[in-house]
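Input: a single structure, listed below in structure tokens.
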DNA sequence: GCAGTCAGACAACGTGGTTGTCTATTACCG
DNA sequence: CGGTAATAGACAACCACGTTGTCTGACTGC
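Chains as they are written, first to last, in the numbering used here: chain G, -8 to 134; chain A, -8 to 134.
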């Protein structure tokens, strides 16, 4: 590890992500939402936050509109969203998150937060804030 | 973000990973190793570190032996490894990293390390060490 | 020496992306 | 007003990277 600290850092970041996400997926399954992935939760979040169509969702997630459409089809299948004709624009299908969708989002967000809180309890809130700050630098600045 | 700090943490971890990896992939391409992904580099690393067969590589990467075999096929295609019959065990195909493979590993590790060093320059080595410690807790302990 | 285990090949499939093409609809501008 | 450009979404083909299942051939241990 001391011989490849950079690569080790990359592995740690990925492992941290998957650990957190796996935990949340398990919790969602336990709470009556099997078959949900982190991708689904993030997409539903983006829709609830304002992405009103497949094209918009794609832009907001940074993927193609076709990929977004597939995610939407899955979410509709799982009854997490409704798709209706947009009265203002006949090209569009307007998206709204269902009650079940909101419930799933709440459980997911709660599980993420609970995990983060437990982690803060182990390493200290200051260390966690520091980590988040470093990651913001890493992801937003030309390092 | 303050409303969903846990989910935000997950996004930061993933974004941090992809930022780092994308940087390294670009550097590898620039240095004469196009078409290489982080998966390839990690697999080659595991092979060089002792994984001597597809089954072993799969175990060491935590994937099925079939998935490992596919990665190996790609790496062989790209001239990063040789596969020869094992004289001791006719079932096995012995794996060795080629010179070009070692060169690619060196460039990749160098790029990872360089990025980490630049990051340390921006946020301080102490913050980086703290981050790595938190991630080790996150990934190795029952939080 | 035979039963069980292990390595690897092959096939079928799933997921989550991609590009490309097509039609219908809307927006813009001369 | 009308024609052209841009946009939304559907559909198809494809790709990367993983999965499970099945099969054969080769070792291992009792």
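Ideal Cβ placement from N, Cα and C applies to all residues, glycine included.
Beta carbon proximity, residue i to chain A, threshold 8 Å
i	result
residue 50 of chain G	no
residue 92 of chain G	no
residue 62 of chain G	no
residue 28 of chain G	no
residue 54 of chain G	no
residue 134 of chain G	yes
residue 7 of chain G	yes
residue 11 of chain G	yes
residue 118 of chain G	yes
Neighbour flag for residue i against chain G, beta carbons, 8 Å
i	result
residue 42 of chain A	no
residue 77 of chain A	no
residue 104 of chain A	yes
residue 121 of chain A	yes
residue 16 of chain A	no
residue 35 of chain A	no
residue 0 of chain A	yes
residue 58 of chain A	no
Same chain, Cβ closer than 8 Å to residue i, five either side skipped, listed in chain order
i	result
residue 110 of chain A	119
residue 142 of chain G	Nothing about residue 142 of chain G can be read from this structure; chain G reaches only from -8 to 134.
residue 128 of chain G	134
Extent of the continuous alpha helix (DSSP H) to which residue i belongs
i	result
residue 134 of chain G	Premise fails: residue 134 of chain G is in no alpha helix (DSSP H) and is neither H nor E.
residue 215 of chain G	Outside the modelled stretch of chain G, which goes from -8 to 134, sits residue 215 of chain G, for which no answer is possible.
residue 111 of chain G	90 to 114
residue 62 of chain A	56 to 68
residue -4 of chain A	-4 to 21
Supposed close pair residue i, residue j - CB separation, criterion 8 Å
i	j	result
residue 71 of chain G	residue 14 of chain G	Between residue 14 of chain G and residue 71 of chain G the Cβ distance is about 20 Å, and since that is not below 8 Å, they are no contact.
residue 27 of chain G	residue 17 of chain G	Actually they are not in contact, since the Cβ atoms of residue 27 of chain G and residue 17 of chain G sit about 11 Å apart, beyond 8 Å.
residue 34 of chain G	residue 62 of chain G	5 Å
residue 5 of chain A	residue 121 of chain G	So it is not a contact: roughly 19 Å between Cβ atoms.
residue 19 of chain G	residue 102 of chain G	7 Å
residue 114 of chain G	residue 125 of chain A	5 Å
residue 7 of chain G	residue 130 of chain A	6 Å
Chain-ordered neighbours of residue i on chain A, where CB pairs are closer than 8 Å
i	result
residue 128 of chain G	110, 113, 114
Cβ neighbours of residue i in the same chain (closer than 7 Å, five flanking residues each side left out)
i	result
residue 37 of chain A	48, 51, 52
residue 73 of chain G	87, 89
residue 46 of chain A	56
residue 66 of chain A	31, 34, 35, 72
residue 9 of chain G	none
Close Cβ partners of residue i (< 6 Å) along its chain, the five nearest in sequence each way excluded
i	result
residue 55 of chain G	49
residue 84 of chain G	74
residue 68 of chain G	none
Neighbouring residues, chain G, relative to residue i (Cβ below 7 Å)
i	result
residue -4 of chain A	104, 107
Host beta strand (DSSP E) of residue i (start-end)
i	result
residue 72 of chain A	72 to 76
Contact list for residue i against chain G, beta-carbon separation under 9 Å
i	result
residue 88 of chain A	None at all; the shortest Cβ gap to chain G is about 15 Å.
Interface partners of residue i on chain G, CB under 8 Å
i	result
residue 3 of chain A	123, 126, 127, 130
Chain-ordered chain A contacts of residue i [CB-CB under 9 Å]
i	result
residue 100 of chain G	-6, -5, -3, -2
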